[in-house]
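Undergrad: Just add 1384 to wherever you are in the sequence shown, counting from 1, and you've got this note's numbering.
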Amino acid sequence: MREKNEWKKNDVAILLLAGKGERLLSALKDKKQFLDFDGKALFLHPLTSLVLSRCFSKIVLVLAKEDEERVRRCLRQDTFLQKEKFQFVYGGQTRNESVRNALNSLEKKKGNFFVLIHDAARPFLTEKQVEAIMSKTYRADALTYCIPLSDSLFRQDGKGIEYLDRKNLYLVQTPQVFDYRKLLSLYRTGDVEDTTDDFSKAVRAGMKTLPLPGDLSLFKVTGEDDLSLLRMLSVLPS
Ligand code: CTP
Ligand code: MG
1385 MREKNEWKKN DVAILLLAGK GERLLSALKD KKQFLDFDGK ALFLHPLTSL
1435 VLSRCFSKIV LVLAKEDEER VRRCLRQDTF LQKEKFQFVY GGQTRNESVR
1485 NALNSLEKKK GNFFVLIHDA ARPFLTEKQV EAIMSKTYRA DALTYCIPLS
1535 DSLFRQDGKG IEYLDRKNLY LVQTPQVFDY RKLLSLYRTG DVEDTTDDFS
1585 KAVRAGMKTL PLPGDLSLFK VTGEDDLSLL RMLSVLPS
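1. Between A1516 and the rest of its own chain, which residues show a CB-CB distance below 7 Å, the 5 nearest in sequence each way excluded?
2. Cβ atoms of K1388 and K1522: under 8 Å apart, would you say?
3. Any heavy atom of the ligand CTP inside 7 Å of the beta-carbon of T1579?
4. On the DSSP letters alone, give me the boundaries of the alpha helix (DSSP H) that A1411 sits inside.
5. Tell me the DSSP secondary structure of C1439 in three-state form.
6. For the ligand MG, is there any heavy atom lying closer than 7 Å to the beta carbon of R1506?
7. Closer than 8 Å is the cut-off here; do at least three beta carbon pairs connect the region 1584–1597 with the region 1402–1411?
8. Taking 7 Å as the cut-off, does the CB of Q1560 come closer than this to any heavy atom belonging to the ligand CTP?
9. At which residue ranges does the region 1484–1566 contain complete alpha helix (DSSP H) runs of 4 or more residues, listed in the order of the chain?
10. Measuring only from the beta carbon, is G1403 closer than 7 Å to any heavy atom that is part of the ligand MG?
11. Kindly indicate which three-state DSSP category F1603 falls into: helix, strand or coil?
12. What's the gap between the Cα of K1551 and the Cα of L1447?
13. Could you check where the beta strand (DSSP E) with A1397 kicks off and where it finishes?
14. Does the pairing of the region 1503–1518 with the region 1571–1580 give three or more beta-carbon distances under 8 Å?
Next comes the structure, spelled out in structure tokens:
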């Protein structure tokens, strides 16, 4: 485990924007990470917070090869981000493959460090949230934001509806943060393909984990309901 004051020196952020955005493709006619939101492409919002946090020695953008030109264009047109340098890595067919490509690209980086992994489809990440999770990396090898379920919950199958006790149930969000070498070794040795996030891999492997209270604002733009939410959020003052 690292010392309390070790963060901010050598850590890396990975922003995932290599998805196809299939569930919103018919509504948007484009991948959701490029949706124009408050005057700029959606993925630039969380990216700006990652940069502003000044927590990282490097930021990796995981993108589809076909989007490379437009990502570069978006960055050139952004008066703040145009001054920054990013490492580009091509994503894969699944989120896991995209994360794996990013982790592999960091293999030669020296020393021990943590990686923060964030979905570009969660645009409302704040620099405070980035700092808060990075500053707790001395306490665990894997950290995530999550929120307790506040609605009632049921499961419906062929047998009908069964209510579940929502007590002790949480929704898992990103950013998630990991000791780089430990996560890389899970990707290399473990069977990770059935998992949809990375914290679950750490839990399954028995790593020292720390869930932190997240915020509804870290929701993921996934379906059409989320577009209504985006519309509301862009017109309401904060
Ligand atoms: N992602 C990625 N590479 C993939 C799949 C997903 O980098 N092969 C990223 C997405 O760009 C997104 C995040 O992982 O920021 C969460 O994934 P999701 O919300 O499922 O996005 P998409 O896979 O793009 O959407 P869909 O599942 O509707 O196609
Ligand atoms: Mg997906």
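For each residue, glycine too, the CB sits at the ideal point set by N, CA and C.
TA: Taking the definition as stated:
1. none
2. As written in the sequence, residue 1522 is Tyr, which differs from the Lys given in the question. Cβ atoms of Y1522 and K1388: closer than 8 Å.
3. no
4. E1406 to L1412
5. coil
6. no
7. no
8. no
9. 1511–1518
10. yes
11. coil
12. 38 Å
13. V1396 to L1401
14. no
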